[in-house]
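As you go down the protein sequences, you meet chains A and B in turn.
Numbering-wise (the working numbering), the first sequence opens with residue 15 and increments by one.
Numbering-wise (the working numbering), the second sequence opens with residue 668 and increments by one.
A virtual CB, placed ideally from N, CA and C, is assigned to each residue, including glycine.
Note sheet for the following structure.
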Amino acid sequence: MARTTLNVDLNRVEGDLEFQVDLDGNRIVDARCVGTLFRGFEQLLIGRAPKDGLVITPRVCGICGTAHLYTAALALERLAQLPVPPQATLIRNLCLMAENIQSDLRQSFLFFTPDFIHPRYAGQRLYPDIEAAFAPLKGKVVRSTLAVSRKVVELVAIFGGQWPHSSYMLPGGVTRGASARDLIDCQDIVDQAIEWYEQDAIGDSLDNWLALDSSDAFFSWLEADAHAASAIGLLTRFARAIGLQKIGGGARHFLSAGAWHDPQRWAPPYTDGATLMPAGIYHADGARLEAFDQALVNEHVRHAWYRPYPGGRHPFAGETVPDYQPDTDRYTWAKAPRYGDLVVETGPLAELLAGGDALVASLLALEGPNTWLRQFARLRRTAHTLHWMKHHLAELAGLIGTPHYLPPPADAFQHGEGYGFVQAARGTLGHWLQIEDGRISRYQIVTPTAWNASPKDSTGRHGHWEESVIGVELADPADPIEIGHIVRSHDPCLVCTVHFVGSGERHRYGV
Amino acid sequence: MATLLWLQTGACSGDTMSLLNADSPSVESLVRGGSLDILWHPSLSAKPAGALGELIAAIEAGTQPLDILCVEGSMITGPYGTGMFDSYRGRAKIDITRALAARARHVVAVGTCSAFGGIPAAPPNPTDCTGLQFDREQPGGMLPPEWRSASGNPVINLAGCPVHPNTITRSLALLAQDQPLELDFLNRPRAFFNSTVHQGCTRNEYHEYDIEEKDFGGRGCLFFNLGCQGPNTLANCNSDLWNRRSSKTRAGVPCFGCTSPGFPRDGDLFRTEKIGAVPVALPLGVSRAHYMAYKNLAHAAAPLRIKNRDMET
Numbered sequence: 015m016a017r018t019t020l021n022v023d024l025n026r027v028e029g030d031l032e033f034q035v036d037l038d039g040n041r042i043v044d045a046r047c048v049g050t051l052f053r054g055f056e057q058l059l060i061g062r063a064p065k066d067g068l069v070i071t072p073r074v075c076g077i078c079g080t081a082h083l084y085t086a087a088l089a090l091e092r093l094a095q096l097p098v099p100p101q102a103t104l105i106r107n108l109c110l111m112a113e114n115i116q117s118d119l120r121q122s123f124l125f126f127t128p129d130f131i132h133p134r135y136a137g138q139r140l141y142p143d144i145e146a147a148f149a150p151l152k153g154k155v156v157r158s159t160l161a162v163s164r165k166v167v168e169l170v171a172i173f174g175g176q177w178p179h180s181s182y183m184l185p186g187g188v189t190r191g192a193s194a195r196d197l198i199d200c201q202d203i204v205d206q207a208i209e210w211y212e213q214d215a216i217g218d219s220l221d222n223w224l225a226l227d228s229s230d231a232f233f234s235w236l237e238a239d240a241h242a243a244s245a246i247g248l249l250t251r252f253a254r255a256i257g258l259q260k261i262g263g264g265a266r267h268f269l270s271a272g273a274w275h276d277p278q279r280w281a282p283p284y285t286d287g288a289t290l291m292p293a294g295i296y297h298a299d300g301a302r303l304e305a306f307d308q309a310l311v312n313e314h315v316r317h318a319w320y321r322p323y324p325g326g327r328h329p330f331a332g333e334t335v336p337d338y339q340p341d342t343d344r345y346t347w348a349k350a351p352r353y354g355d356l357v358v359e360t361g362p363l364a365e366l367l368a369g370g371d372a373l374v375a376s377l378l379a380l381e382g383p384n385t386w387l388r389q390f391a392r393l394r395r396t397a398h399t400l401h402w403m404k405h406h407l408a409e410l411a412g413l414i415g416t417p418h419y420l421p422p423p424a425d426a427f428q429h430g431e432g433y434g435f436v437q438a439a440r441g442t443l444g445h446w447l448q449i450e451d452g453r454i455s456r457y458q459i460v461t462p463t464a465w466n467a468s469p470k471d472s473t474g475r476h477g478h479w480e481e482s483v484i485g486v487e488l489a490d491p492a493d494p495i496e497i498g499h500i501v502r503s504h505d506p507c508l509v510c511t512v513h514f515v516g517s518g519e520r521h522r523y524g525v
Numbered sequence: 668m669a670t671l672l673w674l675q676t677g678a679c680s681g682d683t684m685s686l687l688n689a690d691s692p693s694v695e696s697l698v699r700g701g702s703l704d705i706l707w708h709p710s711l712s713a714k715p716a717g718a719l720g721e722l723i724a725a726i727e728a729g730t731q732p733l734d735i736l737c738v739e740g741s742m743i744t745g746p747y748g749t750g751m752f753d754s755y756r757g758r759a760k761i762d763i764t765r766a767l768a769a770r771a772r773h774v775v776a777v778g779t780c781s782a783f784g785g786i787p788a789a790p791p792n793p794t795d796c797t798g799l800q801f802d803r804e805q806p807g808g809m810l811p812p813e814w815r816s817a818s819g820n821p822v823i824n825l826a827g828c829p830v831h832p833n834t835i836t837r838s839l840a841l842l843a844q845d846q847p848l849e850l851d852f853l854n855r856p857r858a859f860f861n862s863t864v865h866q867g868c869t870r871n872e873y874h875e876y877d878i879e880e881k882d883f884g885g886r887g888c889l890f891f892n893l894g895c896q897g898p899n900t901l902a903n904c905n906s907d908l909w910n911r912r913s914s915k916t917r918a919g920v921p922c923f924g925c926t927s928p929g930f931p932r933d934g935d936l937f938r939t940e941k942i943g944a945v946p947v948a949l950p951l952g953v954s955r956a957h958y959m960a961y962k963n964l965a966h967a968a969a970p971l972r973i974k975n976r977d978m979e980t
């Protein structure tokens with residue numbers, strides 16, 4: 015039977031990626047996710063002063079630099095067993111929350127919904143509404159998204175001086191505590207973001223929306239005019255009209271390290287589990303949540319362009335030594351992280367499943383993991399995040415004038431190892447570092463997209479994205495927009511990992 | 668209306684985020700107002716898969732005019748000079764960049780990576796990165812020092828990691844209107860790179876009276892001990908605030924000198940290298956003897972409200 019290989023070009027991901035799929039007729043029978051970018055960040059850090067990671071690692075990713083900064087600070091705190099004042103953890107969380115909201119909104123309405131404006135969908139009943147709301151740089155929702163995303167990162171600038179790329183979180187706290195004026199300014203920013211979310215995103219109050227706890231409750235909610243016309247309503251109705259609830263399942267195991275460190279519990283001896291939303295591995299089959307253990311994280315390089323080693327390695331034993339071998343069965347600059355031997359998905363869907371959002375769990379039980387639900391969960395998470403921001407600001411109000419930074423002892427970073435995790439916009443982000451003689455001797459980063467965009471591992475198991483497109487029937491192989499929907503629903507951050515390819519007409523027969 | 672193509676090379680997207688943060692003017696107002704016709708931006712274009720390849724071919728063939736080529740990210744030349752650490756459809760990005768630069772009226776390096784090499788070019792420079800027309804401090808990067816675009820300008824360096832948001836949109840608006848952009852010795856537009864980061868810093872009074880912090884978290888100046896490069900870095904961070912709110916130094920974070928070609932410097936980024944009690948790198952153009960005399964006097968003159976760090980920053 016004729017088998018064709020397509021190279022798919024995707025933009026509107028943060029970075030580039032080549033995606034090669036093998037077709038049998040119009041059906042995808044194999045897929046290779048190809049990271050085309052290698053920058054060597056982990057090597058840049060070796061030999062540098064321990065705190066330099068706070069300046070270098072945020073530059074891994076311009077859209078989630080706060081997450082890298084936070085994770086780098088956590089790893090140093092665990093390494094040196096440093097105490098952190100509660101005010102600092104509140105401020106760090108607030109900044110990460112602001113960054114995540116910025117990212118979730120821009121991803122949804124600048125990167126994901128533009129795929130709806132496509133000639134193939136011009137006959138859809140909702141198409142005129144979609145165009146009015148989501149046309150690039152011109153649609154009503156796009157413009158208000160630009161404005162509100164610009165507004166919300168002002169909160170990061172209040173504490174960090176600028177967004178993106180500042181280094182205001184240091185081991186032991188933050189460089190600046192909240193003043194009374196900061197508090198009011200932050201409240202105003204969060205109130206404006208909530209007003210946008212209520213008016214434009216859901217057409218309802220945050221409380222009503224967060225109270226929805228089942229698929230039945232959600233689908234009846236969606237029938238009210240104001241809800242149906244909201245950005246999430248419109249996105250949902252259109253995505254479901256074109257069948258996005260039926261494609262893009264993938265790994266069916268979900269990883270979350272738990273969102274938002276608890277200001278009271280993030281303290282030595284740093285046993286795991288100090289997050290406000292629970293961590294865990296959620297299994298779609300059986301709706302089972304298992305505890306997360308970082309010792310089980312390991313990375314394979316069998317199909318990546320790195321110096322080979324057998325099986326998987328925990329990041330504390332990891333290495334990143336490039337070994338470019340084109341025209342072999344190795345095909346990417348992305349490593350293959352696995353949890354034990356499991357292929358897992360991470361992101362907002364995973365975060366809410368582990369965190370206990372009843373509505374999302376109910377929708378998953380109804381239809382399984384899918385492209386629409388993944389995108390829906392991202393915007394649902396924004397509501398949780400806004401809720402936590404209000405909560406944090408109320409707590410911060412009582413801590414003005416309390417310590418925000420406890421200077422580490424001069425010899426704190428001479429030897430040792432540490433790691434940290436946060437839930438970044440795209441899911442679980444981990445840093446592992448080791449220090450010898452006061453210098454960084456190893457730094458390994460596993461980004462959310464590394465989990466999702468991983469290639470095959472040493473035993474030949476596909477990565478999550480690869481799995482999520484295999485089996486999909488393309489309506490038109492010359493314009494494989496289904497792949498765009500599926501991959502973009504993960505909010506791919508390929509600068510962390512990789513870049514999306516397209517469209518060379520390479521044909522292969524036989525196999 | 669000026670046509671624009673934005674290419675990402677060895678980038679983190681931070682400068683794209685800055686573009687989206689710009690508000691005076693915003694990118695959407697430049698597009699809606701008819702100043703810019705964005706042929707391609709990796710994050711903003713809705714064009715279907717494959718459109719970038721066709722566009723590159725049309726520009727190379729001369730059938731599609733290109734007014735402004737924006738490049739975000741380091742020029743990655745490894746491994747072994749192939750550029751294949753960063754490729755598009757099997758072609759090294761450096762080759763694509765070179766081909767497009769030959770056709771563009773203006774070439775703009777958006778960010779310190781494409782201007783000078785930036786973080787990926789820091790030692791040991793694992794991917795052999797360089798800037799478009801500088802290799803860190805050395806003139807000549809991927810393109811030689813004498814290279815000029817069709818407009819007669821060298822590569823216009825909008826330095827910064829990331830670039831200040833409005834510096835991007837203001838520069839693009841000026842280029843779209845064919846306004847002259849006067850460049851400094853590093854080919855940065857003087858309009859946005861002609862004051863020190865120190866100027867406008869709310870810790871200035873502390874600096875003035877030599878009240879210097881030894882650790883983070885306080886209100887004093889960060890220059891003498893904590894690595895701040897504000898007095899010798901040219902950028903508008905404190906005269907045109909970030910995200911309409913603040914700047915790193917105001918928030919107690921040292922300036923890392925990210926608009927300079929040597930960013931990131933080799934030493935500990937949170938510590939100031941000193942000779943005796945005085946930093947090795949003094950404020951731009953200041954002589955050591957004069958500076959020491961001034962600092963001794965200033966310290967003696969410091970009022971209590973400054974010594975006690977009573978003043979807000």
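With contacts defined by Cβ atoms closer than 9 Å, B:PRO821 and B:GLN800 form a contacting pair. Interface criterion met: the Cβ of B:SER914 is under 9 Å from a Cβ in chain A. DSSP lists A:ARG352 as the beta-bridge partner residues of A:ASN312. Among the CB atoms of chain B, none fall inside 9 Å of the CB of A:ARG321. DSSP places A:LEU258 within a helical segment (H, G or I) once states are collapsed to three.
With a cutoff of 9 Å on beta-carbon distance, B:LEU733 and B:THR670 are scored as near each other. Closer than 7 Å at the C-beta level to chain B, one finds no residue of the stretch 259-283 of chain A. With fewer than 16 other Cβ atoms from the protein chains shown falling within 10 Å of its own Cβ, A:THR285 counts as exposed. Annotation: A:PRO494 to B:SER913 spans about 44 Å, alpha carbon to alpha carbon. Of the residues assessed, A:ASP371 falls on the buried side of the cut-off, its CB having 16 or more other CB atoms within 10 angstroms. Scanning the stretch 396-479 of chain A for uninterrupted alpha helix (DSSP H) segments of 4 residues or longer gives 462-466, listed from N- to C-terminal end. For B:LEU949, there is no enclosing alpha helix (DSSP H), as DSSP gives it neither H nor E. Shown here for B:ALA969: same chain residues with a beta carbon closer than 8 Å to its own, the five before and five after excluded, namely TYR876, ASP877 and ILE878 in chain order.
Interface annotation, A:ASP202: not in contact with chain B, CB-CB separation never under 9 Å.
Annotation for A:THR159: LEU119 and PHE123 place their beta carbon closer than 6 Å to its own, counting only its chain and skipping 5 residues before and after. The C-alpha of A:HIS267 lies about 17 Å from the C-alpha of A:ILE484.
Look at A:VAL35 here: in three-state DSSP terms it is strand. Taking a 10 Å sphere around the C-beta of A:TYR457, we find 16 or more other C-beta atoms and assign the residue as buried. Secondary structure note for A:TYR296: it is in no alpha helix (DSSP H), and the uninterrupted beta strand (DSSP E) holding it is 294-297. If you ignore the 5 residues before and after A:ASP196, its C-beta comes within less than 6 Å of the C-beta of ILE172, all in its own chain and listed in chain order.
Between the alpha carbons of B:TRP909 and A:GLY294 lies a gap of roughly 37 Å.
Here the alpha carbon of B:GLY819 sits roughly 42 Å from the alpha carbon of A:ILE60. In the DSSP assignment, A:GLY498 falls within the alpha helix (DSSP H) that extends over 495-502. Here A:VAL170 is near A:GLU113, since their CB atoms are less than 9 Å apart. Rounded to the nearest whole angstrom, the C-alpha separation of B:GLY785 and A:HIS132 is 38 Å. If the five residues before and after A:CYS78 are omitted, its C-beta is found closer than 6 Å to the C-beta atoms of ALA438 and ALA439, all from its own chain and listed in chain order. The criterion of a C-beta distance shorter than 9 Å is not satisfied by A:PRO178 and A:VAL162.
Close to chain B, meaning a Cβ-Cβ distance shorter than 9 Å, are the following residues of the stretch 168-181 of chain A: GLU168, LEU169, VAL170, ALA171, ILE172, PHE173, GLY174, GLY175, GLN176, TRP177, PRO178, HIS179, SER180 and SER181. At least one CB of chain B lies nearer than 9 Å to the CB of A:GLY191.
Annotated three-state conformation of A:THR71 is helix, per DSSP. Taking the Cβ atoms as the reference, A:LEU393 lies roughly 7 Å from A:ALA215, within the contact range of under 8 Å. The beta carbon of A:VAL69 sits closer than 7 Å to the beta carbons of SER181 from its chain, once the five residues preceding and following it are set aside; these are given in chain order.
Boundaries of the beta strand (DSSP E) harbouring B:GLN675: 669-675, taken from the DSSP string.
Close partners of B:VAL920 in chain A (Cβ separation under 8 Å): GLY174, GLY175, SER180, SER181, TYR182 and THR189.
Runs of beta strand (DSSP E) with 3 or more residues, each lying fully within the stretch 699-759 of chain B, are found at 703-707 and 735-739, listed in chain order. Shown here, A:SER270 sits in a strand according to DSSP, grouped into three states.
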